[in-house]
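Protein chains in written order, with the numbering used here: chain E, 26 to 237; chain U, 26 to 237.
Beta carbons: idealized from backbone N, C-alpha and C, even for Gly.
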C-alpha cells in the first residue's frame with residue numbers, strides 16, 4: 026500500500042554514511058522498524074529503549090550508545106522517513122496532482138498504523154527540539170518533492186506565474202493535519218477534495234503569488 | 026493581553042457544577058493554574074502530579090482523587106479553556122473579522138507561554154483519548170463562537186449564501202497550526218494575512234458552500 030513514506034519496507038541506509046546492507050545499516054533498520062512498531066502500538070509516551078532493543082534483537086548497550094534516548098530514536102526514524110520520501114504524482118493537471126496529494130495525506134493519516142506513527146512523532150516533536158528539527162526536515166523533503174507539480178501547473182497556465190508551490194502545497198495539507206492532530210475531528214475523502222479545491226481556488230486568486 | 030482564551034485570569038468554575046467562588050472552585054482554579062504553569066515551563070512529558078499539588082498549595086490526595094493523572098489535569102484544563110472562550114470580533118466586514126481571527130490565533134501560538142501550553146495540550150491529546158475529546162471540545166467551542174461572523178458576512182453578500190462558517194473558520198486556522206505544530210516552521214503576521222486571504226478566496230469560489 027502506497028504511503029507518504031516507505032516506512033514499512035527494508036531499505037539500504039543513507040548512502041555515504043554506512044555501507045549499504047552492512048551490519049551498521051542492518052542494526053539501524055531493525056531498531057527503526059522496532060521503534061515504528063512501538064510508536065504504532067502505544068505512542069510516544071510509552072516508547073521504551075529496552076523494549077525497542079529486545080524487539081529489534083539488538084543489544085541494549087548498542088541502542089543506548091547510538092540513539093541515547095527515546096527522542097533520539099524518533100528523530101532518527103524521522104530522518105529515515107525523509108530519506109525514503111516517495112515521488113510526487115504527475116496526473117497531467119495541477120488539480121489532479123493536488124487531489125492526489127490530498128488523498129495520499131488523508132490515506133496515510135487515516136491508516137491505523139501510520140496515523141498512530143504520525144501522531145506519535147508529532148507529539149515527540151512537541152517535547153524535544155531534536156525531534157522538532159527532524160520533523161521539520163521530513164516535511165521540507167515532502168514539500169520539495171511535490172513542488173514541481175505546481176511549476177508544471179503554472180507552465181500550463183493553471184495557476185498564475187510566480188505561484189509559490191511550497192505555500193500552495195502547505196495549504197493542501199494543512200486542513201487535513203488540522204482535523205487529524207489539532208481539532209481531532211474525523212477525516213475522510215470529502216475533506217481531501219475540499220482541501221485541494223480550496224488551495225487551488227486561493228492560488229487562482231493569486232494568494233500564493235510571490236513578488237519577484 | 027487578549028488571547029484565544031482567558032487562561033491566566035481567575036474565573037468562577039462551571040455554573041451548576043460547583044458553588045462559584047466556593048472552596049471546590051478555588052481548589053480547581055489553583056490546580057489548573059499550576060497545571061498551566063507547569064505545561065508552559067516544561068511541556069506535557071514533564072507534568073508531575075506532586076509538583077502541581079505543591080505549587081497549587083493543595084494536598085496531593087485531593088489532586089490524585091479529583092484528577093487521577095497528568096492527562097486528567099490536561100483534560101480539565103482544556104474544559105476550563107473552552108468555558109472561558111473569548112467573544113469573536115465584529116469589525117464590520119468578513120475580511121476584517123477573518124484577519125482578526127488569524128491574527129489572534131497567530132498571537133496566541135507565538136506567545137512564549139501560550140504557545141508552549143498549546144503545544145503541550147495537543148501533545149497530551151496525542152497520548153490520551155480523554156485529552157483528545159477535551160481538545161476537540163475546546164476547538165468546537167472556539168469555532169461555534171466565531172461562526173456568526175460568517176453568517177453576517179453572507180448576509181452582507183461577502184461570501185455565497187450557504188457558506189459553511191465552521192469550515193471557513195477551520196481553513197483560516199489550519200495553515201497557522203500546521204506551521205506551528207506539524208512542519209515546525211516560523212509563524213508570523215504574513216502567514217496570518219495569507220491564511221485569512223486564502224480562506225476568503227476559496228469561500229468566494231464556493232468551496233465551502235454546503236448543498237441545502
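Checklist entry - Since residue 212 (chain E) meets chain U, which of its residues come closer than 7 angstroms, beta carbon to beta carbon? => result Going along chain U, no residue has its Cβ under 7 angstroms from residue 212 (chain E), so there is no contact; the nearest lies around 12 angstroms.
Checklist entry - Exposed or buried, which one is residue 26 (chain E) when buried takes at least 16 other CB atoms within 10 Å? => result Residue placement at residue 26 (chain E) is poorly supported in this model, since its pLDDT is 35, which falls under 50; the coordinates still yield a value, given next. Classification for residue 26 (chain E): exposed.
Next on the checklist: At the level of alpha carbons, what is the spacing between residue 156 (chain U) and residue 199 (chain U)?
Outcome noted: Straight-line Cα distance between these residues: approximately 20 angstroms.
Checklist entry - Which one of E:54, E:110, E:128, E:117 has the shortest CA to CA distance from residue 98 (chain E)? => result Of the candidates E:54, E:110, E:128, E:117, the residue whose Cα lies closest to the Cα of residue 98 (chain E) is E:54.
Checklist entry - Any heavy atom of the ligand FMN closer than 6 angstroms to the Cβ of residue 114 (chain E)? => result Questions concerning the ligand FMN fall outside what the structure shown contains, since it holds no ligand whatsoever.
Checklist entry - Using a Cβ-Cβ distance under 7 angstroms, would residue 208 (chain U) count as near chain E? => result Output row for residue 208 (chain U): interface = yes.
Next on the checklist: For chain U, check one thing: does any of its Cβ atoms lie closer than 7 angstroms to the Cβ of residue 227 (chain E)?
Outcome noted: Yes - at least one Cβ of chain U is within 7 angstroms of the one on residue 227 (chain E).
Checklist entry - Who are the neighbours of residue 236 (chain U) on chain E, taking C-beta pairs under 9 angstroms? => result What residue 236 (chain U) touches in chain E: nothing, since even the nearest Cβ is about 12 angstroms away.
Checklist entry - By the 10 Å Cβ neighbour count, where 16 or more other Cβ atoms means buried, how is residue 101 (chain E) classified, buried or exposed? => result Buried: at least 16 other Cβ atoms inside 10 Å.
Item to check | Same chain only: Cβ atoms within 6 angstroms of residue 140 (chain E), ignoring 5 sequence neighbours per side | outcome: If we look at residue 140 (chain E) and ignore the five residues flanking it on each side, its Cβ neighbours are 134.
Checklist entry - According to DSSP, which residues form a beta bridge with residue 277 (chain E)? => result Residue 277 (chain E) lies beyond the stretch modelled for chain E, which goes from 26 to 237, so this question has no answer here.
Checklist entry - Do the CB positions of residue 167 (chain E) and residue 114 (chain E) come within less than 7 angstroms of each other? => result Going by C-beta atoms, residue 167 (chain E) is not nearer than 7 angstroms to residue 114 (chain E).
Checklist entry - When you compare only the Cα positions, how much space is there between residue 122 (chain U) and residue 216 (chain U)? => result Taking the straight line from one Cα to the other gives about 16 angstroms.
Checklist entry - Where does residue 115 (chain E) fall in DSSP's three states? => result The answer is coil: DSSP assigns residue 115 (chain E) none of H, G, I, E or B.
Next on the checklist: So, for residue 145 (chain U): in the same chain, excluding its five sequence neighbours on each side, which residues have a beta-carbon less than 6 angstroms away from its beta-carbon?
Outcome noted: Residues of the same chain with a CB within less than 6 angstroms of the CB of residue 145 (chain U), apart from the 5 flanking positions on each side, are 64, 68, 69 in chain order.
Next on the checklist: Give me the chain U residues within the contact set of residue 161 (chain E), using Cβ-Cβ distance strictly less than 7 angstroms, ordered along the chain.
Outcome noted: Taking the beta carbon of residue 161 (chain E) as reference, the chain U residues within 7 angstroms of it are 208, 209, 210, listed in sequence order.
Next on the checklist: Counting only C-beta atoms, is residue 52 (chain U) closer than 7 angstroms to chain E at any point?
Outcome noted: Chain E, which has no Cβ nearer than 7 angstroms to the Cβ of residue 52 (chain U), makes this no.
Next on the checklist: Using beta carbons (cut-off 7 angstroms, strictly below), is residue 152 (chain E) in contact with chain U?
Outcome noted: True, the Cβ-Cβ gap to chain U drops below 7 angstroms.
Next on the checklist: Short of 8 angstroms in beta carbon distance, which residues of its chain neighbour residue 74 (chain E), apart from the five on each side in sequence? Order them along the chain.
Outcome noted: The residues 85, 88, 89, 92, 94, 95, 98, in chain order, have a CB closer than 8 angstroms to that of residue 74 (chain E) in the same chain once the five nearest residues on each side in sequence are set aside.
Item to check | Three-pair Cβ contact test at 8 angstroms for the stretch 185 to 198 of chain U versus the stretch 211 to 227 of chain U | outcome: Result yes; three or more Cβ-Cβ pairs closer than 8 angstroms.
Next on the checklist: Does residue 123 (chain U) come out as helix, strand or coil in the three-state DSSP assignment?
Outcome noted: In this structure, residue 123 (chain U) counts as helix in the three-state DSSP scheme.
Item to check | Neighbour list for residue 200 (chain U) in chain E, Cβ cutoff strictly below 7 angstroms | outcome: Those are 195, 196, 199, listed as they occur along chain E.
Checklist entry - Which two residues bound the contiguous alpha helix (DSSP H) that contains residue 60 (chain U)? => result That run of the alpha helix (DSSP H) goes 48 to 67.
Item to check | Partners in chain U for residue 232 (chain E), counting only beta-carbon separations shorter than 8 angstroms | outcome: Here the neighbours are 219, 222, 223, 226.
Checklist entry - So, residue 131 (chain U) versus residue 225 (chain U), is the Cβ gap smaller than 7 angstroms? => result Not in contact: residue 131 (chain U) and residue 225 (chain U) (Cβ atoms no closer than 7 angstroms).
Item to check | residue 80 (chain E) (DSSP reduced to helix, strand or coil) | outcome: It is helical.
Checklist entry - Can you name, in chain order, every residue of its own chain whose Cβ lies under 7 angstroms from the Cβ of residue 235 (chain E), other than the five neighbours on each side? => result These residues qualify, in order along the chain: 187, 189.
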